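For reference, the structure is listed below as structure tokens.
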DNA sequence: ACACATGTTCAGCG
DNA sequence: CCGCTGAACATGTG
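Numbering (our numbering), first residue to last: 679 to 941.
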């Protein structure tokens, strides 16, 4: 099954896009009318055509293409968006939402069966910090968890609270921190808040390293076989504890009884 | 055949 | 009124 990329996958995609495309200029840009776009196609083309791509980075769950005139193109893949290289000898990619042609001959396409992908010229700055931002500290967690009565997993998935964490990594983070996903955010004690704070960065950074190592060059798909609990094929976690699963926020949630429930 | 992945939005509930 | 929960969206895959 093709699962959706989350923060670590997107981080690797961004690095790989930068490696292939930085310094190349955008020679052609086609946008389907099915694409959800914050400006007109004409405005977008005027802003980006002939511009040199400086780099691609990840912000939350969005990819950001930075051009030499400081224009930024944000692409959010949502649930089903996919990026592929369109090779000259292959069949053209069917019904792409976006098709970038670069001066080195590389053609990047974005497709989406649900047409839910969003394309944003010069996205606005978000209030919520990125999960890997240096502004997220144990005291940030302490203050913001105290203000919320939500279940901790719902809060981790809330992009208005913290950006970039998806369903699979939320489970991995809470397993690492030893906190039940059903815990009330404001009831988590200080020592566990510190554990959560470090687990977020530790889990996400470790995943980036593993994906880079095992799938260098990828711009699509995902890797999940290293996951400790969020894995439908596992019966037990690496310590041998039975993995339970149930629904939370309409998403499957995997956890063990070792994760303490604070209510 | 059919349950299951996934993110965001928004109706509805308390 | 506000914060929170969970259904709905669509379809390829095992």
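Beta carbons: idealized from backbone N, C-alpha and C, even for Gly.
Here the structure is a predicted model, which is why all the values come from computation and not from measurement.
Bounds of the beta strand (DSSP E) holding residue 704 are 704-709. Cβ neighbours of residue 706 within its own chain (closer than 7 Å, five residues either side excluded): 779. Sequence-distant partners of residue 819 (beyond 5 residues in either direction) whose C-beta falls short of 7 Å from its own C-beta, in its chain, are 871, 874 and 875. At a cut-off of 3 residues, the continuous stretches assigned as beta strand (DSSP E) that sit fully inside the stretch 689-747 are 704-709, 731-737 and 740-745.
Measuring C-alpha to C-alpha distances from residue 915 to each of 899, 813, 859 and 934 identifies 934 as the nearest.
Around the CB of residue 840, 16 or more other CB atoms lie within 10 Å, so the residue is classed as buried. Using a Cβ-Cβ distance cut-off of 8 Å, the stretch 795-803 and the stretch 826-833 are not in contact, since fewer than three pairs of beta carbons, one from each stretch, lie closer than that value. Considering only 710, 920, 809 and 813, the residue with the shortest C-alpha distance to residue 791 is 710. Annotation note: the stretch 766-804 contains the following uninterrupted beta strand (DSSP E) runs of length 3 or greater, listed N- to C-terminal: 776-780, 785-789 and 796-799.
Under the three-pair Cβ rule at 8 Å, the stretch 729-741 counts as touching the stretch 838-855. Counting of Cβ neighbours within 10 angstroms places residue 936 among the exposed residues, the total staying below 16. In this model, residue 851 and residue 881 are separated by some 6 Å (Cα to Cα). Residue 703 sits close to residue 728, with the two beta carbons spaced by under 8 Å.
Remark: three or more beta-carbon pairs, one from each stretch, lie closer than 8 Å, so the stretch 691-699 and the stretch 883-902 are flagged as touching. Burial of residue 908 is indicated by the presence of at least 16 other C-beta atoms within 10 angstroms of its C-beta. Of the residues assessed, residue 825 falls on the exposed side of the cut-off, its CB having fewer than 16 other CB atoms within 10 angstroms. Residue burial is scored here from C-beta neighbours: residue 760 has at least 16 other C-beta atoms within 10 angstroms and is therefore classed as buried. Residue 754 is bridged by DSSP to 740 and 796.
Annotation: residue 809 to residue 686 spans about 11 Å, alpha carbon to alpha carbon.
For residue 940, there is no enclosing alpha helix (DSSP H), since its DSSP letter is neither H nor E. For a cut-off of 8 Å, the C-beta gap from residue 801 to residue 755 is around 14 Å, too long to register as a contact. Take residue 688, set aside five residues on each side of it, and the residues of its chain with a beta-carbon closer than 7 Å to its own are 736, 739 and 741, in chain order.
Secondary structure of residue 880 (DSSP, three-state): helix. Taking the Cβ atoms as the reference, residue 886 lies roughly 6 Å from residue 690, within the contact range of under 8 Å. The criterion of a C-beta distance shorter than 8 Å is not satisfied by residue 718 and residue 732.
In this structure, DSSP gives residue 848 a helical state, which the three-state scheme calls helix.
A residue is called buried when at least 16 other Cβ atoms come within 10 angstroms of its Cβ; residue 923 does not meet this threshold and is exposed. Counting other Cβ atoms within 10 Å of its Cβ, residue 932 reaches 16 or more and is therefore classed as buried.
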